[in-house]
Structures are given as structure tokens and as C-alpha cells.
Amino acid sequence: MKHTMKKILGVMLSLSLLFSMGVAAFAAEDESSIGSIGASSVQQEKYSEYGRILSEITGKYGIKASLEPIEWFIENGFPDESEFAEKVRINCELLTNSETTTTKSSSKSKEVTIHDWKDTQYKSNFDITVKFSFAIRVSQHPDTGNYFISEFNAFKPELLGKGKGIVNSYSTRLIDGGRTRLTTAQLTLTKDGANYSRTSSAYTYCSSSTGKITVQGY
Numbered sequence: 096m097k098h099t100m101k102k103i104l105g106v107m108l109s110l111s112l113l114f115s116m117g118v119a120a121f122a123a124e125d126e127s128s129i130g131s132i133g134a135s136s137v138q139q140e141k142y143s144e145y146g147r148i149l150s151e152i153t154g155k156y157g158i159k160a161s162l163e164p165i166e167w168f169i170e171n172g173f174p175d176e177s178e179f180a181e182k183v184r185i186n187c188e189l190l191t192n193s194e195t196t197t198t199k200s201s202s203k204s205k206e207v208t209i210h211d212w213k214d215t216q217y218k219s220n221f222d223i224t225v226k227f228s229f230a231i232r233v234s235q236h237p238d239t240g241n242y243f244i245s246e247f248n249a250f251k252p253e254l255l256g257k258g259k260g261i262v263n264s265y266s267t268r269l270i271d272g273g274r275t276r277l278t279t280a281q282l283t284l285t286k287d288g289a290n291y292s293r294t295s296s297a298y299t300y301c302s303s304s305t306g307k308i309t310v311q312g313y
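Just so you know, the sequence shown maps onto residues 96 to 313 in the numbering used here.
This is the structure we're talking about:
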């Protein structure tokens, strides 16, 4: 009888030990999963500080901007606050000093022709060029002999280059007494963990005397 009880007690002790080891292993695995999914308190504090820095610096330049999700920094690293601030300042300086003067001209045509023009003001810093494309037909008034744009279609601008950005929206309106069509694209350009709201514009002009189309930026 005593021998049987010893066996029972031995089996119960073994089962208890195995169960406790299983619970410990499960707890360790569960804790590891939680740690890999979320950011640490130090990372969260840095992320909050990045938001304050970005708001303060871009506000001085009149630029709208937002932070990338915290996952971007988990993947790419959390720089020192001073380093992040310097990158934001440099980006703002370059954005406010950007200029675009490239011009694209073409001869008149009675057929619908495609006209391309590239805005390169963001190329050097963000590695992004904004490509505008238009389908245009030029006609001539039978009485005055003046040329004018009789058909105009602006395609959605493309972003060329290795940089990160998107075209949020675009639209065209008449200016300069109806002689010029201004096409404006609202962009979001991303660099160093921040998203900058920017505008790119193309001016399409038709010479009334020659019918020549000129597309350019200012």
C-alpha cells in the first residue's frame, strides 16, 4: 500500500513540475511578443518630443507637416532630439527657398498634342520631380485670326524619383484674363520621419498671335 502511494505521489509531483514549466514558458513567450509589438516608454517619450519639435520649427516657416507613425522610427531608428530638429530645420529652409523656372515650349498644332513639363524644385533635397502632362488642342478664330486653346485636359501629375511622396489632389483654373491655365497639385513629401505639405504648379499659356504653347513654373 505504501509503495502504491509513493508511486501516486511521484506521478502527481512530476505533473505539477511539467505544468509549472509550461506556464513559465508560455508567460515568457507572451511577454516577448508584447515587447516586439509596442514601443518602449523611452521611445514613446522621444516620439512625443519629435512632434513638439516639428510643430515648433515648421510653425516658424509657415509649413504644414506631420510625423510618420511611430513604427517608422522603430524600423529606422530614433535620432537624438537635436539631430531630428536640425534635419527638420534644413528641410524647411530648402522648401521655403525652392524655385522653379524650367520652361517647356512647343509649336502650334490643330491636332490634340501632349505637352509635358517637370517641376524640379524638390529634386535635390527630396529626390522627387513632379511631372505634369496636358492634352491640348489649339484653334484659330475665323474672324480675328487669334489662336486659343479649344481643348485642354490636365492628367494627374506623376512623382518621379526615389523619394517618398504622394499627389493628394490637383485642379486647373483660368487666370490672366483666361489666357493662362494654372494647374496646381497638392503634395505630401516625406523625409526623415516627417510629412511636409507642399504645392506644385504649372502655368500653360497660348500665344494668341502664334498659337505656340508654353508651359512653365514660377
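The beta-carbon is built from N, C-alpha and C at its ideal position, and this holds for glycine as well.
Counted as a single uninterrupted DSSP element, the alpha helix (DSSP H) harbouring Ile169 occupies residues 165-171. By the criterion of at least three beta-carbon pairs nearer than 8 Å, the stretch 249-257 is not in contact with the stretch 140-154.
For Tyr156, there is no enclosing beta strand (DSSP E); the enclosing alpha helix (DSSP H) has its first and last residue at 136-156. By the Cβ-count criterion, Gly260 is buried, with 16 or more other Cβ atoms from all chains shown falling within 10 Å of its own Cβ. DSSP places Ser177 in the uninterrupted alpha helix (DSSP H) bounded by 176-191.
The shortest C-alpha to C-alpha distance from Ala280 to any of Thr224, Ser295, Arg232 is the one to Ser295. Excluding sequence positions up to five before and after Gly273, its CB lies less than 8 Å from no other CB in the same chain. Secondary structure note for Asn220: its alpha helix (DSSP H) is the uninterrupted segment 218-221. Per DSSP, the continuous beta strand (DSSP E) segment holding Thr309 begins and ends at 308-311.
A distance of 8 Å or more separates the beta carbons of Ile231 and Leu284.
Apart from the 5 residues on each side of it in sequence, Asp287 sits with its Cβ closer than 6 Å to the Cβ of Lys182 in its chain, given in chain order.
Beta-bridge partners of Gly272 (DSSP): none assigned.
The continuous beta strand (DSSP E) containing Asp214 extends over residues 208-214.
Sixteen is the threshold: when 16 or more other Cβ atoms of the shown chains lie within 10 Å of the Cβ of Arg293, as they do, the residue is buried.
Here Leu162 has Tyr142, Tyr145, Gly146, Leu149, Gly288, Ala289, Asn290 as same chain residues with Cβ atoms under 8 Å from its own Cβ, once five neighbours each way along the sequence are excluded. In this structure Arg276 is not in contact with Thr309, their Cβ atoms being roughly 11 Å apart against a cut-off of 8 Å.
With distances taken between CA atoms, Tyr156 lies nearest to Asn186 out of Asn263, Asn186, Tyr242.
Annotated as proximal: Phe243 and His236, with beta-carbon spacing under 8 Å. Asn241 has no beta-bridge partner at all, per DSSP. Cβ neighbours of Gly258 within its own chain (closer than 6 Å, five residues either side excluded): Phe221, Asp222, Ile223.
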